[in-house]
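A short write-up of the structure that comes next.
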Amino acid sequence: MSESARDLARKLLAGNGIKETTATGNAVPHPVSTGIAPVGRTAATRTPRGPGRQFADHPDVAAAVVKRAAIAALYGQSGMPNPVFLPRTGPNDTVIRALDTDLVNFSAYNYLGLSSHPRVVRAAKDALDQYGASASASRIVSGEIPLYGELEQRLAGIYDVGDAMVTTSGYLTNAGVIGFLLREGDVAFCDSLIHGSVVSGTQWAGCRRINFRHNDPDSLRSVLKMSRSGFDRAMVVIEGHYSMDGTVGRVAELAAVAREFDCAVMVDEAHSLGVFGPTGHGIREHYGMAGADVDIWMGTLSKALGSVGGFIAADADLIGAMKSSAPGVAMLTGGPVPSGIAAALAGLEVLEAEPERVTRLWENTRLFDAALRERELNLGDSQGTPILPVIVPGEIRAGFVSAHLLQHGVYAGAISAPAVPVSKERLRFFITSEHTRQQLLSTADLLAEAIAISGQLPADMAG
Numbered sequence: 000m001s002e003s004a005r006d007l008a009r010k011l012l013a014g015n016g017i018k019e020t021t022a023t024g025n026a027v028p029h030p031v032s033t034g035i036a037p038v039g040r041t042a043a044t045r046t047p048r049g050p051g052r053q054f055a056d057h058p059d060v061a062a063a064v065v066k067r068a069a070i071a072a073l074y075g076q077s078g079m080p081n082p083v084f085l086p087r088t089g090p091n092d093t094v095i096r097a098l099d100t101d102l103v104n105f106s107a108y109n110y111l112g113l114s115s116h117p118r119v120v121r122a123a124k125d126a127l128d129q130y131g132a133s134a135s136a137s138r139i140v141s142g143e144i145p146l147y148g149e150l151e152q153r154l155a156g157i158y159d160v161g162d163a164m165v166t167t168s169g170y171l172t173n174a175g176v177i178g179f180l181l182r183e184g185d186v187a188f189c190d191s192l193i194h195g196s197v198v199s200g201t202q203w204a205g206c207r208r209i210n211f212r213h214n215d216p217d218s219l220r221s222v223l224k225m226s227r228s229g230f231d232r233a234m235v236v237i238e239g240h241y242s243m244d245g246t247v248g249r250v251a252e253l254a255a256v257a258r259e260f261d262c263a264v265m266v267d268e269a270h271s272l273g274v275f276g277p278t279g280h281g282i283r284e285h286y287g288m289a290g291a292d293v294d295i296w297m298g299t300l301s302k303a304l305g306s307v308g309g310f311i312a313a314d315a316d317l318i319g320a321m322k323s324s325a326p327g328v329a330m331l332t333g334g335p336v337p338s339g340i341a342a343a344l345a346g347l348e349v350l351e352a353e354p355e356r357v358t359r360l361w362e363n364t365r366l367f368d369a370a371l372r373e374r375e376l377n378l379g380d381s382q383g384t385p386i387l388p389v390i391v392p393g394e395i396r397a398g399f400v401s402a403h404l405l406q407h408g409v410y411a412g413a414i415s416a417p418a419v420p421v422s423k424e425r426l427r428f429f430i431t432s433e434h435t436r437q438q439l440l441s442t443a444d445l446l447a448e449a450i451a452i453s454g455q456l457p458a459d460m461a462g
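As structure tokens, then:
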């Protein structure tokens, strides 16, 4: 790395502020400003920011501006392609077209290759012709179409519960459901690796959030023994398949512990529906659980089903209340795009008609996992699932490995703090049913080569 690049990197690190970690080990930015005016600085002495500049000095905005400029400069000086916000010109499939070339793609959640399946695409086009590009209203006032109810009944059947509700966004589903159901005096007991959308939901709700150790029933039991009695309603929130680490949620065990303490249970199935279970029906099928073992089954349509949006499946009365009264999820929110719902329905139909896609997904996963381990790469705590993180400590090194792969025809994005703890930076590989054996093995070789070269670089931007 040139000295000028090092200078830029140092500026970038300084612009981000000092990092500190929470009790769970997750990195969080050190606050640059308390938001409280310094002593002696009043409204009368404050320098006006002016039109269009009200947030230019906001700590997070300013840090992002510096970081984006530094990253662009670093890639520009090295001559390596920048894998961040990489534009493509076709579907997000196993092979994508970008940088005027074909790239083997490991950065899509398209586990079963359904997003461009002819049956799925045709269903979306037909719905577009029939219903237009938008629902153009909330469902309760002229936004309802038959496709919603059809998909909801299919999802309720998969989870063996009374009803389901489709939504426009998986993130907002978690945030909105928790924000609606919990409030001050309530508590959410969350796995320490729970998705940020759940954290947002607890903030929206104004309830307490208490973490327990990742995937640890004993830790949950200890936390509940100490804290459950101090709250009215309590909900344990866990995931079926953890997207940063490739671990499998111990859903059945954790749900059983929650029931011992009169807690509701919510399971995020975003990355497990279509992936787990003999027929791809998710973590409930994987563990052979009853639908009633969990109060709220949440999932997304944007991963294995090849569409967009989210859903919850639960007791019919609860779903009815959510449909009519939950802000941000249903009430006062435009209905999901009709073409997206039709695509998800068709995705479920393909899943049932072609169960071999799930079989191929796991065959490819086992092949790639074994190849990476044979090359002695660090897979962290992953458990051989279709999400395979490869740990490359250091933001510079992880970014280099991603760019090196990109130069050689493979796309896999780097993940750094605060999304993951400092020193746990990684590349994340999503395996699909459509990857070929040759793509998987050649990528394993290329990855091992890139990581070996990256060892000659500084670990971080101050190195």
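Numbering (numbering that gives the first Met the number 0), first residue to last: 0 to 462.
The beta-carbon is built from N, C-alpha and C at its ideal position, and this holds for glycine as well.
Source: prediction; values computed, not measured.
Handout entry: alpha helix (DSSP H) segments (min. 4 residues) lying fully within the stretch 363–448
Key = 394–406
Discussion item. Among the candidates Leu331, Ala187, Ala329, whose CA atom is the shortest distance from the CA of Cys464?
Written reply: The requested residue 464 is not part of the displayed model; the chain covers only 0 to 462.
Legend entry - Reduced DSSP category for Ile157 - H, G, I as helix; E, B as strand; rest coil: helix
>> With the cut-off set at 9 Å, would you say Ser323 and Gly393 are in Cβ contact?
In response: no
* Can Ala342 and Ser114 be called in contact, C-beta distance under 9 Å? -> yes
query: Taking the alpha-carbon positions, what's the Val140 to Gly273 distance?
result: 32 Å
query: Which residue's Cα is closest to the Cα of Val409: Arg67, Glu373, Ile95?
result: Ile95
For Pro335, does the count of other Cβ atoms within 10 angstroms reach 16, so buried, or fall short, so exposed?
buried
If we count the other Cβ atoms within 10 Å of its Cβ and call it buried at 16 or more, is Ser196 buried or exposed? buried
**OP:** Return the residue from the list Gln406, Ile395, Phe230 that minimises the CA-CA distance to Ala69.
**Re:** Ile395
Check your understanding: In terms of alpha-carbon separation, which member of Gly112, Tyr147, Phe275 lies closest to Val165?
Key -> Tyr147
Q.
So if DSSP puts Leu102 in a beta bridge, which residue, or which two residues, is it bridged to?
A. Ile95
**Residue from Ala320, Ala155, Val222, Leu111 whose Cα sits closest to the Cα of Glu355** = Leu111
Quick test of your reading: Ala72 and Gly169, contact by CB under 8 Å. State the CB separation rounded to the nearest angstrom. Contact flag wrong, Cβ pair sits at about 34 Å.
| Should the stretch 382–391 be regarded as contacting the stretch 239–259, the criterion being three or more beta carbon pairs within less than 8 Å? | yes
For Gly298 and Val236, what's the separation of their Cα atoms in angstroms? 13 Å
* Under the three-state DSSP convention, the category Arg208 falls into -> strand
In the DSSP assignment, what are the bridge partners of Met243? Per DSSP, none; premise fails for Met243.
query: Do you know offhand how far Ala63's Cα is from Leu192's?
result: 24 Å
Open item on the list: If the criterion is Cβ atoms closer than 9 Å, does the pair Ala413 and Pro80 meet it?
Closed with: no
Provide the residue span of the alpha helix (DSSP H) that contains Asp292, from first to last. Segment: none, Asp292 is in no alpha helix (DSSP H) and carries neither H nor E.
Next item on the list: Would you kindly work out how many angstroms separate the C-alpha atoms of His194 and Gly305, rounded to a whole number?
Entry: 21 Å
- Query: Helix, strand or coil: how does DSSP classify Glu351 here?
  - Reply: helix
### Query
Ile311 bridges to which residues according to DSSP?
Met164, Met297
Who pairs with Ala187 in a beta bridge, going by DSSP?
Arg208, Met234
**Request:** Within its chain, find whatever has a CB closer than 7 Å to the CB of Ala397; leave out the 5 residues flanking it on each side and keep chain order.
**Result:** Val391, Ala413, Ser415, Glu424, Arg425, Leu426
Can you have a look at Gly339 and say buried or exposed, based on whether 16 or more other CB atoms are within 10 angstroms of its CB? buried
- Using 8 Å as the threshold, is the stretch 434–453 in touch with the stretch 364–383, meaning 3 or more CB pairs across them? yes
Report all residues from its chain with a CB closer than 6 Å to the CB of Arg207; omit the five preceding and five following residues, and keep chain order.
Val186
*Rounded C-alpha distance that separates Leu344 from Pro457*: 48 Å
task = With distances taken Cα to Cα, identify the nearest neighbour of Gly308 among Ala289, Asp314, Val328, Gly319.
result = Val328
Are there 16 or more other CB atoms within 10 angstroms of the CB of Ala315, so buried, or fewer, so exposed? exposed
Would you kindly check if the distance between the Cβ of Asp159 and the Cβ of Ala291 is under 9 Å?
yes
Contact defined as beta carbons within less than 8 Å: I believe Val400 pairs with Phe428. What is the distance between those atoms, to the nearest angstrom?
12 Å between Cβ atoms; not a contact.
- Task: Write down the C-beta distance between Glu238 and Asp190 rounded to the nearest angstrom, noting that I regard them as a contact closer than 8 Å.
- Result: 7 Å
> CA-CA distance, Leu102 and Gly89?
Replying inline: 12 Å
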